[in-house]
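In the working numbering, the protein residues as written are 4 to 292. Even for Gly, the Cβ is constructed at its ideal location relative to N, Cα and C. Beneath this line is the structure, given in structure tokens, with notes to follow.
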Amino acid sequence: MKIEDVTIIGAGPAGIATAIQLKRYGLEPLLLEKGHIGGLLVNANLVENYPGFPQGISGMDLVNLFKAQLERAGVTVNFEEVLQLDYDDFFTIETPQRKLYSRIVVIASGTQPREFDFPSEVSDRVFYEVYPIASVEGERIAIIGAGDAAFDYALNLSRKNEIAILNRGEKRRCLPLLWERTKSSPQITYHEKAEISGIEKAGNEIILQCNTPNGKQKFQANYVIFAIGRTAQLDYLSARLRERTSELEEQGLLCLVGDVKNDIYRQTSIAVGDGVHAAMKICAKIEEA
Ligand SMILES: Cc1cc2nc3c(=O)[nH]c(=O)nc-3n(C[C@H](O)[C@H](O)[C@H](O)COP(=O)(O)OP(=O)(O)OC[C@H]3O[C@@H](n4cnc5c(N)ncnc54)[C@H](O)[C@@H]3O)c2cc1C
4 MKIEDVTIIG AGPAGIATAI QLKRYGLEPL LLEKGHIGGL LVNANLVENY PGFPQGISGM
64 DLVNLFKAQL ERAGVTVNFE EVLQLDYDDF FTIETPQRKL YSRIVVIASG TQPREFDFPS
124 EVSDRVFYEV YPIASVEGER IAIIGAGDAA FDYALNLSRK NEIAILNRGE KRRCLPLLWE
184 RTKSSPQITY HEKAEISGIE KAGNEIILQC NTPNGKQKFQ ANYVIFAIGR TAQLDYLSAR
244 LRERTSELEE QGLLCLVGDV KNDIYRQTSI AVGDGVHAAM KICAKIEEA
């Protein structure tokens, strides 16, 4: 039975940075990814706070640079979803393809969207990220939410589509610069106190029924994106591992890096810093053994 030294779950910015730094120490981490390389970052319209890009860079372009760096470092991404992570004397990792074993595990699995309960008939037109519909043009898109992600998605898609942002309350929780850009876009309308009370399909369109201060109002859209919050993605941890995470973290056998542990402080540079930090600690742990 082969036991890996280090396995990383998730190839978003945190997992990528961990893998590259571990390679610098001559280690061969096993990197597992259930979707695409780059994680949530592929959705970012314009990243303006990641040092090195004075004009800003799109999330997708930054991910392409990360991919090139992974390749140069000789890191292979294994496209496998971790279905269960357990620990006894070492970690057991189950994917649909195989069962793996590892002495150290880095959890870099980011976040999952808070879901909205919509009827299955609209599921082909309702999303939680921009990425799946990034190439659509000339469509009407409703974005539900009031945080940075909702406004960033709106600006991103407004280049080629008409956007309505629906906020169920009155408070916006986005960066002032995102709001300023939204206000100056003729392609985006913003609606406050519009709480969804029903969703139905009508041909190629979705009808959103909303309660507003002026009574019921209908919004028509070809696509809907919910950006109503995200929570840590840790559903694959076994019950007994959940009870031991703090202890294993203290022993340096389990590391959580990036958005999965950063609460509201979810930024690429923090995720990357977490990854490099974890890799350095892992290297020290392996050397002392
Ligand atoms: C619209 C938008 C705009 C943003 N703009 C900026 C910005 O301007 N500046 C900035 O710094 N940050 C920005 N961010 C935040 C940034 O994208 C995140 O902070 C960053 O992607 C977090 O990296 P991560 O690796 O921790 O998690 P993620 O990027 O979420 O990556 C986690 C990865 O783990 C994988 N995974 C999850 N579960 C499993 C499993 N069971 N098995 C295998 N793989 C799994 C996922 O598929 C994913 O690829 C933005 C985010 C959004 C949504």
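Residue burial classification, residue i (beta-carbon count within 10 angstroms, cutoff 16)
{"i": "Asp238", "result": "exposed"}
{"i": "Asp92", "result": "exposed"}
{"i": "Glu83", "result": "buried"}
{"i": "Ser249", "result": "exposed"}
{"i": "Gly113", "result": "buried"}
{"i": "Tyr268", "result": "exposed"}
{"i": "Thr234", "result": "exposed"}
{"i": "Ala2", "result": "There is simply no residue 2 to check, as the chain begins at 4 and stops at 292 in what is shown."}
{"i": "Leu86", "result": "exposed"}
{"i": "Asp120", "result": "exposed"}
{"i": "Arg128", "result": "buried"}
{"i": "Gln223", "result": "exposed"}
{"i": "Asp155", "result": "buried"}
{"i": "Lys102", "result": "exposed"}
{"i": "Cys99", "result": "Per the sequence shown, the amino acid found at residue 99 is Pro instead of Cys. Burial call: exposed."}
{"i": "Ala22", "result": "buried"}
{"i": "Leu73", "result": "buried"}
{"i": "Ala145", "result": "buried"}
{"i": "Ala47", "result": "buried"}
CB contact flag (residue i, residue j, <8 Å)
{"i": "Lys5", "j": "Tyr90", "result": "no"}
{"i": "Ala20", "j": "Val80", "result": "no"}
{"i": "Asn225", "j": "Arg143", "result": "yes"}
{"i": "His194", "j": "Asn170", "result": "yes"}
{"i": "Gly261", "j": "Ala282", "result": "no"}
{"i": "Thr271", "j": "Tyr131", "result": "no"}
{"i": "Phe88", "j": "Val108", "result": "Sequence check: residue 88 is Leu here, not Phe. Yes; because the gap between Cβ atoms is below 8 Å, this pair is in contact."}
{"i": "Ile147", "j": "Phe229", "result": "yes"}
{"i": "Ala111", "j": "Gly276", "result": "no"}
{"i": "Leu160", "j": "Ser188", "result": "no"}
{"i": "Gly38", "j": "Pro16", "result": "no"}
{"i": "Glu165", "j": "Gln190", "result": "yes"}
{"i": "Cys213", "j": "Glu203", "result": "no"}
{"i": "Lys196", "j": "Gly232", "result": "no"}
{"i": "Leu34", "j": "Val78", "result": "yes"}
{"i": "Cys258", "j": "Ile289", "result": "no"}
{"i": "Tyr134", "j": "Val45", "result": "yes"}
{"i": "Ile96", "j": "Thr10", "result": "yes"}
{"i": "Gln236", "j": "Val263", "result": "yes"}
{"i": "Arg106", "j": "Asp266", "result": "no"}
The beta strand (DSSP E) enclosing residue i, as first and last residue numbers
{"i": "Cys258", "result": "257 to 259"}
{"i": "Ile199", "result": "198 to 205"}
{"i": "Val227", "result": "226 to 229"}
{"i": "Glu208", "result": "208 to 215"}
{"i": "Tyr193", "result": "191 to 194"}
{"i": "Arg233", "result": "233 to 235"}
Endpoints, the alpha helix (DSSP H) within which residue i is located
{"i": "Arg243", "result": "242 to 253"}
{"i": "Leu180", "result": "179 to 186"}
{"i": "Ile285", "result": "271 to 291"}
Distance cut-off 7 Å: residue i Cβ against heavy atoms of ligand 3
{"i": "Phe56", "result": "No copy of ligand 3 appears in this structure; the ligands present are ligand 1."}
* Which runs of the alpha helix (DSSP H), 4 residues or longer, sit entirely within the segment 4 to 75? -> 16 to 27
* Secondary structure, alpha helix (DSSP H): runs of 4+ residues fully inside the segment 146 to 172 -> 151 to 160
* Asked: Which runs of the beta strand (DSSP E) spanning at least 3 residues fall entirely within the segment 78 to 153, listed in chain order?
  -> 80 to 82, 87 to 90, 94 to 97, 102 to 110, 114 to 116, 143 to 147
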